[in-house]
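Here is the structure we will look at, set down as structure tokens.
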Amino acid sequence: MKILTLNTHSWVDEQKARQIPVLAAEIAQGDYNIIALQEVNQSKEATQAYLDGFYCPTATDAPVKADNFALKLVEALQVLDKEYYWSWSFCHYGYEPYEEGVALLSKEPMIAKEFVVTDTGNYEADHARRILVGLTESSGQLIQVVSGHFDWWQEHFAQEWQRTLKDVGQAYPLIVAGDFNEPAEGPGYHLIMDSSDLVDAFVVATTRIGEFTVPGAIAGWEKDATPKRVDYVFADPTFAVQRYEVVFDGQRTPQISDHYGVSVELTLDN
Numbered sequence: 001m002k003i004l005t006l007n008t009h010s011w012v013d014e015q016k017a018r019q020i021p022v023l024a025a026e027i028a029q030g031d032y033n034i035i036a037l038q039e040v041n042q043s044k045e046a047t048q049a050y051l052d053g054f055y056c057p058t059a060t061d062a063p064v065k066a067d068n069f070a071l072k073l074v075e076a077l078q079v080l081d082k083e084y085y086w087s088w089s090f091c092h093y094g095y096e097p098y099e100e101g102v103a104l105l106s107k108e109p110m111i112a113k114e115f116v117v118t119d120t121g122n123y124e125a126d127h128a129r130r131i132l133v134g135l136t137e138s139s140g141q142l143i144q145v146v147s148g149h150f151d152w153w154q155e156h157f158a159q160e161w162q163r164t165l166k167d168v169g170q171a172y173p174l175i176v177a178g179d180f181n182e183p184a185e186g187p188g189y190h191l192i193m194d195s196s197d198l199v200d201a202f203v204v205a206t207t208r209i210g211e212f213t214v215p216g217a218i219a220g221w222e223k224d225a226t227p228k229r230v231d232y233v234f235a236d237p238t239f240a241v242q243r244y245e246v247v248f249d250g251q252r253t254p255q256i257s258d259h260y261g262v263s264v265e266l267t268l269d270n
């Protein structure tokens, strides 16, 4: 099974004109099973989208708009003869005039749920965060996959992570992917390691290509130009991780966001 996670910075990044075609080409060529995306935007003023049977709704009352980045990506993948089930969760307003959220794409059908992991789910609150959880299948077994975009440690990270663990439970093998806004040496990373039995795909992978996912100073890290690893794939220890690779870093794949992406290959031990 192959998993991709990327903070797309969609419709805001200076590379926005080529984000969709480059991302779709990598997904199609890499034949990914699951894709977790963050900062997945749509315009406030856009019309409501027509959604087909590949969209997996949550209980949200937020409509998907016609220019939703995940919707446009799924449409581009269909042109490449790749069909994905998908879902999107609206987290908060960001980078006017956008509605910002997280998304999941899956080759297999999924049941999608969202959970508010902050003290408010008010879209007007810029610290409001939701996680998107997909119950799907891998090699005949049910698994849970989370796409999350967490706050900084000095803000609400600890609360968000603890609520994430509580909300997803342990009924199925779990993968949590996304932008954690927490460097590998930071207190938030240690909280993850100490509060769960999840493993860091980078640490346990048999093959590693690349490490850092933020090359320097970006929004939220304006005063810290040091390269850092803040985008992760954490997995249940029943998964064996064969390969970890940093993508969209301007090497094998073009850079299309202020974050690099992470590609992970893993198998679920029966």
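Numbered according to UniProt numbering, the sequence shown spans residues 1 to 270. Think of the CB as a built atom: it goes at the ideal place given N, C-alpha and C, for glycine as much as any other residue.
Excluding five sequence positions before and after R129, the CB atoms of its chain that fall closer than 8 Å to its own CB belong to C91, H92, V116, V117, T118, G148, H149, F150, D151, H156, E160, given in chain order.
7 Å or more divides the Cβ of Q162 from the Cβ of V102.
Collapsing the DSSP output to three states places I256 in coil. In chain order, Q48 place their CB closer than 7 Å to the CB of P63, counting only its own chain and leaving out the 5 sequence neighbours on each side. The alpha-carbon of E75 is positioned some 35 Å away from that of Y189.
Under the three-state reduction of DSSP output, L51 falls in the coil class, being neither helix nor strand.
In the assembly as shown, A225 is an exposed residue. Its beta-carbon has fewer than 16 other beta-carbons within 10 Å.
For Y32, same chain residues with a beta-carbon under 6 Å away, outside a window of 5 residues either side, are K2, L4 in chain order. With 16 or more other Cβ atoms inside 10 Å of its own Cβ, Y232 counts as buried. Annotated three-state conformation of H190 is helix, per DSSP. By the CB criterion at 7 Å, V246 and G216 fall outside the cutoff.
No Cβ-Cβ contact shorter than 7 Å links T58 with K107.
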